[in-house]
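Asker: The structure is given below, and queries will be raised subsequently.
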Amino acid sequence: MKTYDYAVCGMGMAGCALAGHMAARLPEAASVLLLEPRRHFQRDKSWCFWHLQRELMDDAISHRWPRWRVRWGKRSIEHESLAFPYVHIDSGEYYRQALTAVAERGRFDLQLGTKVTSLAAQSGGVTISAGDAIYNAGRAFDTRPLTVPRDTLLQHFRGWEVVTEHPVFEPDTVTTSQPRKCCSSVSRGRVSGRVSNARPAL
Ligand SMILES: Cc1cc2nc3c(=O)[nH]c(=O)nc-3n(C[C@H](O)[C@H](O)[C@H](O)COP(=O)(O)OP(=O)(O)OC[C@H]3O[C@@H](n4cnc5c(N)ncnc54)[C@H](O)[C@@H]3O)c2cc1C
Numbered sequence: 021m022k023t024y025d026y027a028v029c030g031m032g033m034a035g036c037a038l039a040g041h042m043a044a045r046l047p048e049a050a051s052v053l054l055l056e057p058r059r060h061f062q063r064d065k066s067w068c069f070w071h072l073q074r075e076l077m078d079d080a081i082s083h084r085w086p087r088w089r090v091r092w093g094k095r096s097i098e099h100e101s102l103a104f105p106y107v108h109i110d111s112g113e114y115y116r117q118a119l120t121a122v123a124e125r126g127r128f129d130l131q132l133g134t135k136v137t138s139l140a141a142q143s144g145g146v147t148i149s150a151g152d153a154i155y156n157a158g159r160a161f162d163t164r165p166l167t168v169p170r171d172t173l174l175q176h177f178r179g180w181e182v183v184t185e186h187p188v189f190e191p192d193t194v195t196t197s198q199p200r201k202c203c204s205s206v207s208r209g210r211v212s213g214r215v216s217n218a219r220p221a222l
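Residue numbers (our numbering): 21 to 222.
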């Protein structure tokens with residue numbers, strides 16, 4: 021059984037962020053196993069958020085909006101901040117940067133096409149099963165998506181997809197939407213709502 025200091029299960033947004041920080045900060049001797057079922061990465065998602073501080077993979081930011089507009093019923097509020105713009109991350113570029121950082125570290129072992137089936141904490145670390153392979157890691161970070169019971173809705177959206185003859189894009193002001201009703205997943209709903217508004221830019 022191969023043994024590592026750390027293991028990261030899942031190389032999506034969280035796994036790539038973690039692996040990027042590990043590549044930048046861990047001592048050269050540290051060994052890291054990275055397990056991901058995908059064999060190829062492509063731009064599959066859009067991530068938008070307010071940029072509050074410098075981040076490791078800021079080069080993956082593809083657009084910054086210094087102004088934003090919030091519409092609530094008939095009301096509309098606009099704000100501007102050059103210091104804290106609203107930004108869009110290109111997920112394809114984000115994955116590329118994380119994988120490049122990982123590839124530059126000799127003791128980082130990225131296993132693509134590998135699906136983790138179970139993790140079990142033992143006294144000496146964590147045993148990770150992935151198909152026929154079994155690994156051991158001092159610490160393991162599990163970023164696999166939660167299993168959602170059938171017919172469960174975590175979040176849903178209602179709206180219109182408007183197709184225009186020419187691209188419609190406001191490079192200076194992003195228009196965000198507000199949820200109608202507060203619920204436990206309110207922040208996730210709001211974030212994705214903003215992404216829908218930003219989508220014509222992509
Ligand atoms: C169109 C769209 C827009 C979005 N916009 C935003 C946004 O603006 N802001 C925001 O915060 N969120 C947004 N989201 C939500 C976004 O998906 C999450 O924020 C983010 O991707 C969650 O990161 P994650 O690492 O937890 O999950 P993921 O990025 O989904 O990563 C999970 C990883 O685990 C891997 N995996 C799955 N099963 C296994 C297994 N058995 N073994 C090993 N690995 C496994 C997957 O292949 C994947 O790489 C958006 C989502 C979509 C679809």
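Note that the Cβ used here is the ideal one computed from N, Cα and C, for glycine as well.
Every value quoted in this text rests on a predicted model; they were computed, and no experiment measured them.
What separation, rounded to the nearest whole angstrom, lies between the Cα atoms of Ile-134 and Gly-30?
Answerer: Note that residue 134 is Thr in the sequence shown here, rather than Ile. Thr-134 and Gly-30 have their C-alpha atoms roughly 9 Å apart.
Asker: Could you please give me the residues that DSSP links to Val-146 through a beta bridge?
Answerer: Ala-141, Ala-157
Asker: So for Gln-131, helix, strand or coil by DSSP?
Answerer: strand
Asker: How big is the Cα-Cα spacing for Ser-82 and Gln-117?
Answerer: 13 Å
Asker: Should the region 129–145 be called in touch with the region 50–57, which here means at least 3 C-beta pairs below 8 Å?
Answerer: yes
Asker: For Gly-145, count the other beta carbons within 10 Å of its own beta carbon; 16 or more makes it buried, fewer makes it exposed. Which is it?
Answerer: buried
Asker: Can you tell me whether Ala-157 sits near ligand 1, meaning its C-beta is under 6 Å from at least one heavy atom of the ligand?
Answerer: no
Asker: Less than 6 Å between the CB of Ser-66 and some heavy atom of ligand 1, yes or no?
Answerer: yes
Asker: Taking all protein chains shown into account, decide if Phe-189 is buried (16 or more other Cβ within 10 angstroms of its Cβ) or exposed.
Answerer: exposed
Asker: Indicate whether the contact test is met: 3 or more Cβ pairs, each with one atom in the region 179–187 and one in the region 61–79, closer than 8 Å.
Answerer: They do not touch, by the three-pair rule.
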